[in-house]
Structures are given as C-alpha cells and as structure tokens.
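Notes for the one structure printed next.
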Amino acid sequence: MRGLAMAAVVGQAGIAVTGAVVRVTGSGLGCPTWPQCFPGSLVPVPHPEIAVLHQWVEFGNRLLGIALVLVTAACLLAAVNVRPRRRRLILLAATMPLGVVAQAVIGGITVLAGLAWYTVAPHFLVTIPLIWLAVLLVRESSPAAMAAPPGTPWRPVVVPALRGLLVVTSVVLVALLVAGTLVTAAGPHGGDAATPRLAAIPLPSLAAAHAHLLFAFLGLLVGVGFMVHAVGAPRAVIVRLRVLVVLTLAQGALGGVQYALGVPELLVALHVLGAVVIVAAAAWLWSATAESDAVTLGSSDVPAPALAGRP
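Sequential numbering of the sequence shown, starting at 12, is according to this note's numbering.
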C-alpha cells in the first residue's frame, strides 16, 4: 500500500512535467484528436504536416497517463483490501483514479479546444491537489498509521496558530501556482505555434505578480520558521520546513534565470518540476504537524506496574 502511494506521488508529478515537455516542444497537437491520436488510429501514424517527434512526445504523455491510471487503480484496490478496513485510507486512495480520469477529460477538452490557454491552465492546476492528496495517502499508509486501530484520529503536535499559518502559506502557494500558469499562458510556449496566447494582461505584469507572490510565500515560510522554534515544534516539522525553504529558494533563482534568458525550453520544464516538488514538500511538511493518537499513547503511556520495584 505504501509503495503504491509513493508511486502515485511520483506519477502525479511526472504527468505534470511531461505535460510541460509537450508544451515547450510544441507537441501539444502531435496527436490532434482525442482519445485517438489520429482519426482511426490510437497510435501515431505518418503525417505530412505533423513531425514524428511531436507525435511521439504527445503520445508518450498519454501513455504515462495510462500508466498512472493503472497505478492509481492499484492504490484503490490495495486500500479496499486492507484489513481491518480503513475508511480514510479508502477515501484518499479513491481520489487518485478519479483525479486521473478528470485529468484525462480536461486533457481531451484541451486538445479539442486547440490548446486554448484557459484549458491548459486547469489541466496543470488539477495536478496540484492530487499531489497533495497523494502525499497524505503516503502518511495514511505509514507503519504508524496502519498499526493504529481504524478510525484513530490524527492529533496535532503543534499549536493551532502554527497550523493556521501553514494554511495561509498554502493558500499563497496556490495563488503563486495560478499566477505561474497565467505567465505561461502569455509566454511563448503554448504547445503549438498557432495557439493564441493570453494577451489581455501584459506578460511583464504577470511575471511581476508571480514574483511578488513568491516573495510573499518566502516571507510566510520565514514566519513559520520563527514560530516552529518559538513553540518547540517536533524535529520532523523543522527539518521538512528547511527542505521546503531550500527548494523554494532554488525555484525562485531558476525562475529568475529562466526569465532573463528568454524562457528556454529546458528551464521551463525544470521550473514545472520544481513547482510540483514544492507542492509535495509543502504537503510533506503539513503531514508532520499531526500524528496518530495511537502513536502518542503508545510512546508516552508507560504502565505503572512496569516500573514497580525498580531501583
């Protein structure tokens, strides 16, 4: 169960990155129909107007989507067969295949709409909650959680104010990602040379808004850092916060270099990779702010008779 949950995290992130590769290589219409690649064919076929490379890049992304369907379906089957049955585990596992199906539908709409930017942006953004839920699925399938009785609640191990600040930080992260999709919508990589771009807002203005949200996100992480030390948060929370800060700084530097160099294709794909890794790291940090009540009781409640008679 845990291995499948981890595979779901990697797969959800991977589908976003390969989608970026499709976009930056101009392969978005390498398969111009959906669910078939070409009318009458599920796979690429020689075509005088569409390069073979573009066909296989787009088709490769679709193949990864099929693989992700299989992985996420296996997640759900594994969760259903865990005994004793665990409702939270099943619900989290069920979001994985349902999310992938939703992605496939949005992807089909994107192709049929000719890669219109307002369909491409949701196609990426749907991945964000799926990655977050996949990380929570990993936590729900951890040895500690699986050893606890079904229905055992997760007990916060940090003060409510810290969890509240993390919620605000996560909201800003979502806004940051949305702004990033708008920058992409106005930028040069639309997935196809003929795809209309977002022109209502100038690209420099969108890039500035994206940068300001990055600074706001970093500022909130600094605030979280002060708070975790002030309240004596568990070591796992501190370590995961440090990882998230380092990843965010690296992502910000990459974004600045990417913009200065005119958004080269490789850096765009790496920037998308950085975005999904940061989402996973943020979810990983959030998952450390609570632990199973069974773990707490098992580690702190030492029966008195066990100590009786000892010097």
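Note that beta-carbon positions come from the ideal geometry of N, C-alpha and C, so glycine has one too. These numbers come from a predicted model, not from an experiment.
- At the C-beta level, V279 and A31 come within 8 Å of one another.
- Secondary structure of E302 (DSSP, three-state): strand.
- In the structure shown, W143 adopts helical secondary structure according to DSSP, grouped into three states.
- With three or more CB-CB distances shorter than 8 Å, the region 85-95 counts as touching the region 12-21.
- In this structure, A299 places its C-beta atom within 8 Å of the C-beta atom of A247.
- Distances from the alpha-carbon of G37 to those of V111, P207 and R98 put P207 closest.
- If you draw a straight line from the Cα of A132 to the Cα of L100, it comes to about 30 Å.
- Counted as a single uninterrupted DSSP element, the stretch harbouring W45 is not any beta strand (DSSP E), since DSSP gives it neither H nor E.
- The three-state reading of DSSP puts S52 in strand, counting E and B together.
- Of the residues L79, G76 and V137, the one whose Cα lies closest to the Cα of V287 is V137.
- Judged by DSSP secondary structure, R251 falls within the alpha helix (DSSP H) whose first and last residues are R246 to A271.
- Closest in alpha carbon position to L81, among V146, E69, A104 and L252, is A104.
- Within its own chain, the residues whose Cβ lies closer than 8 Å to the Cβ of L229, once the five positions on either side in sequence are excluded, are V256, T259, L260 and G263, listed in chain order.
- Scanning its chain for C-beta atoms nearer than 8 Å, with the 5 sequence neighbours on each side dropped, one finds around G76 the residues I26, V111, Q114, A115 and G118, in chain order.
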